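Beneath this line is the structure, given in structure tokens, with notes to follow.
Right, here's the structure in full:
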């Protein structure tokens, strides 16, 4: 079992960690956008900021609550996956290189090291931090998978849109009907849309 | 794909963007964020300047030698001609009320998508060349030189504005950023810097009458297929008339309604409704496009393309015009048609032959929106409707930018939807009606090469849809715009794939109980109609 030590310290510093990580992510955008994403609270007026906020809180809380050396359980994992996926879905279409789109997760490592600096000499604390960092690395891999999924989705959408746009023209040229009667343009044979969730 | 990392960056990834003044940041033309240029053949067809092969990502844009003189003369001419342009250049106090209202800024975070800054792109050149203070104080006064880089910046950002006018709702001075974008695009046109997604539909429309350049015989074939589907699913044989002289009403709708999915299902809805009413109306293969990409080109082009509607109405001798579910078509009709191509004094003030209602709002243009027409029919109890046929659908309504902000048609579609389906849920207040968020594909941006930018700008809309999907299980997004029907379909596929897109009259067509119909087991899309509990007991 992890010594309660690091969880207690993280719990105490939760607010500071969240603020610093959130700000570091927001600062990956140009200045005017950064302040807007930080300050505007309405989730409909500011979907980017609210998605980042939700993800940072979920991830940090999961790290704080992790009392076992095991990786997070199914529910916990799904929760983390869902909120990271949401942020990556956004960053995959923003003006970022792939590394910068995904790299926001590593900013948390920097924040944790700085916040825990004073405590690192204490018994077992360093090892516990390494364990937490491994979990963050796993989350980074999840982010990478999401990123690729959404970039591929963009290219699929281009093709689908073309088919929809010329639906009747394709149909007229007998290009939309296969022997089973399924229409290409209706997306039959493609993965179920729920796979994209 | 996004840029590749350079080797240096591998050892030193900088998470923060450099802090620079906006005038010192040049746009990067990455695939996915700009639209391909107009093909020379389209510009030649329209007698527009500087047709050539060129690419926005290339260094040399092959501008004419006297490009600067052309732009400054063009600005001078427009400042003299359009008082609004002059006022909008002078009056902004940079209060910031508009700054966080653009969907591209909200979704992407590029400061030059803040409407105030987008306007500054052109306003800075205005100050530097047309105001004394700007000439003397230069950058201190927010003025700058007109350079080739400025032209590139205009091209990048004026084709990242969908002219949706959400920002103008919040401007205390009533500055309409869409009009500034329109001026920016007109100036770019003078240099031949325009996009194919706009110019090809314009050229096709000018030549053949619709965006894809579909000729009358092909158009008739497409109607034939829709009518076959109607016969299969509804059991009624409909034989609409085309180009029929002496009809009472001319019906005009965007061409996407008869060649693109899901617009065709909306079109089937019109066909069913107008047949059931026994309306004396005709379609036209000449006025076969309600959409008008002239709006995204220049004032002259709006007028040129719009003229065919009145010309056809006159040729056929109809009394008035009924229009389908389109977005920008209605901005043109409501705000430009009458002054540009009117007065249509050869037509009569529209009166519904079914209810006798006089559409006084259309007294001048003589053109009625089908949502007004249908809402009036329902209000007067002229339609037999079975909303349970749409029970599989949990519906929300997206106010398309132009019908809502440019003509204020907010209640009619909601009134119709509530009568033709049982499950309707509104999105949050600050995302609908006048404050509606754009689909991010309007004003000529709805092309596949712009996909990344469109998904970015569509986030605020999709985010609100996600909310009603999560909360109420909404699975259908209704709208009254052909561009929306195309672009929201893609937007939903990326952000909320469980939600499909539909026009209002598709729902009407499903719910309409018609004389002589067979038992309806399929919707117009061919999906099974859910059996109601009552049916199961029969």
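Protein chains in written order, with our numbering: chain A, 1 to 197; chain B, 1001 to 1538.
The beta-carbon is built from N, C-alpha and C at its ideal position, and this holds for glycine as well.
Just so you know, these numbers come straight off a predicted model, no measurement behind them.
I want to verify the contact list: residues of chain A whose CB lies under 8 Å from the CB of residue i, in sequence order.
i: residue 1430 (chain B); result: 42, 44 and 45
i: residue 1621 (chain B); result: The question about residue 1621 (chain B) has no answer, for chain B in this structure spans 1001 to 1538.
i: residue 1260 (chain B); result: 164, 165, 166, 167 and 168
So for residue i, helix, strand or coil by DSSP?
i: residue 16 (chain A); result: helix
i: residue 1037 (chain B); result: strand
i: residue 1436 (chain B); result: coil
i: residue 164 (chain A); result: helix
i: residue 1385 (chain B); result: strand
i: residue 102 (chain A); result: helix
i: residue 1522 (chain B); result: strand
i: residue 1275 (chain B); result: helix
i: residue 1211 (chain B); result: coil
i: residue 1052 (chain B); result: coil
i: residue 67 (chain A); result: Its pLDDT being 47, under 50, residue 67 (chain A) is placed unreliably by the model, and nothing is read from it.
i: residue 1192 (chain B); result: coil
i: residue 1128 (chain B); result: helix
i: residue 1064 (chain B); result: coil
i: residue 1321 (chain B); result: strand
i: residue 1367 (chain B); result: strand
i: residue 1528 (chain B); result: strand
i: residue 1424 (chain B); result: strand
i: residue 1242 (chain B); result: strand
i: residue 1234 (chain B); result: helix
i: residue 22 (chain A); result: helix
i: residue 1292 (chain B); result: coil
i: residue 1115 (chain B); result: helix
i: residue 1138 (chain B); result: helix
i: residue 1216 (chain B); result: helix
Would you list the residues sitting across from residue i in a DSSP beta bridge?
i: residue 1358 (chain B); result: B:1351
i: residue 1454 (chain B); result: In the DSSP output, where bridge partners are listed per residue, residue 1454 (chain B) has none listed.
i: residue 1476 (chain B); result: B:1395 and B:1500
i: residue 1282 (chain B); result: B:1250
i: residue 1512 (chain B); result: B:1385
By Cβ distance below 8 Å, which residues in the same chain neighbour residue i in space, the five residues on each side in sequence not counted?
i: residue 1415 (chain B); result: 1375, 1378 and 1379
i: residue 1079 (chain B); result: 1085, 1086, 1089, 1126 and 1130
i: residue 22 (chain A); result: 38, 52, 53 and 56
i: residue 101 (chain A); result: 88, 91, 92, 94 and 147
Mind pulling the chain A residues with CB within less than 7 Å of residue i?
i: residue 1111 (chain B); result: 30, 32 and 33
i: residue 1397 (chain B); result: Here the premise fails: no neighbours, minimum Cβ distance about 16 Å.
i: residue 1108 (chain B); result: 94 and 95
By Cβ distance, which residues of its chain are closer than 6 Å to residue i, with the 5 residues on each side in sequence left out?
i: residue 1002 (chain B); result: Per-residue confidence for residue 1002 (chain B) stands at a pLDDT of 46, beneath the threshold of 50, marking its modelled position as unreliable; no derived number is given.
i: residue 1197 (chain B); result: 1035, 1444 and 1447
i: residue 1437 (chain B); result: 1103, 1431, 1460 and 1461
i: residue 1053 (chain B); result: none
i: residue 1216 (chain B); result: 1285
Going along chain A, which residues have a C-beta under 9 Å from residue i?
i: residue 1473 (chain B); result: Residues of chain A passing the Cβ test: none, with the nearest at roughly 14 Å.
i: residue 1392 (chain B); result: Result: empty, since nearest Cβ-Cβ is about 16 Å, beyond 9 Å.
Using the beta-carbon of each residue, which ones in chain B are nearer than 9 Å to residue i?
i: residue 160 (chain A); result: 1489, 1490 and 1493
i: residue 154 (chain A); result: 1032, 1451, 1452, 1455 and 1494
Below 7 Å on C-beta distance, what does residue i contact in chain B?
i: residue 87 (chain A); result: In chain order: nothing, as chain B lies at least about 12 Å away.
i: residue 90 (chain A); result: 1459
i: residue 157 (chain A); result: 1451, 1490, 1493 and 1494
What does a CB cutoff of less than 7 Å around residue i pick up in its chain, not counting 5 residues either side in sequence?
i: residue 9 (chain A); result: 116 and 119
i: residue 142 (chain A); result: 81 and 84
i: residue 1158 (chain B); result: 1181, 1184, 1185 and 1188
i: residue 1442 (chain B); result: 1162, 1163, 1164, 1327, 1328, 1401 and 1483
i: residue 1335 (chain B); result: 1406
Hey, is residue i's beta-carbon within less than 9 Å of any beta-carbon in chain C?
i: residue 1512 (chain B); result: Absent from the structure is chain C; the protein chains it does hold are A and B.
Below 8 Å on C-beta distance, what does residue i contact in chain B?
i: residue 48 (chain A); result: 1106, 1107, 1109 and 1459
i: residue 24 (chain A); result: 1015
i: residue 84 (chain A); result: Correct list: empty, because the minimum Cβ distance to chain B is about 16 Å.
Chain-ordered residues of the region 1453 to 1468 of chain B with a beta carbon less than 7 Å from chain A: 1455, 1456, 1459, 1460, 1463 and 1464
Under 7 Å, CB to CB, which of the residues in the region 1013 to 1045 of chain B have a partner in chain A? 1013, 1015, 1016, 1017 and 1019
Can you give me, in chain order, the residues of the region 102 to 114 of chain A that have a beta carbon less than 8 Å from any beta carbon in chain B? So the list reads 103, 104 and 107, given in the order they occur along the chain.
Closer than 9 Å, Cβ to any Cβ of chain A: which residues of the region 1215 to 1243 of chain B, in chain order? 1218, 1221, 1222, 1225 and 1226
Chain-ordered residues of the region 1438 to 1451 of chain B with a beta carbon less than 7 Å from chain A: 1448 and 1451
Listed from N- to C-terminal order along the chain, which residues in the region 1484 to 1510 of chain B have their beta-carbon within a distance smaller than 8 Å of any beta-carbon of chain A? For the region 1484 to 1510 of chain B, which is checked against every Cβ of chain A, the residues closer than 8 Å are 1486, 1489, 1490, 1493, 1494, 1495, 1497 and 1498.
Listed from N- to C-terminal order along the chain, which residues in the region 123 to 152 of chain A have their beta-carbon within a distance smaller than 9 Å of any beta-carbon of chain B? Those would be 150 and 151, in chain order.
Members of the region 1111 to 1139 of chain B near chain A, C-beta cut-off 7 Å: Those residues of the region 1111 to 1139 of chain B placed with their C-beta closer than 7 Å to a C-beta in chain A are 1111 and 1114, ordered along the chain.
Near-chain A residues of the region 1070 to 1101 of chain B (beta-carbon distance less than 7 Å), N- to C-terminal order: Listed in sequence order: 1100.
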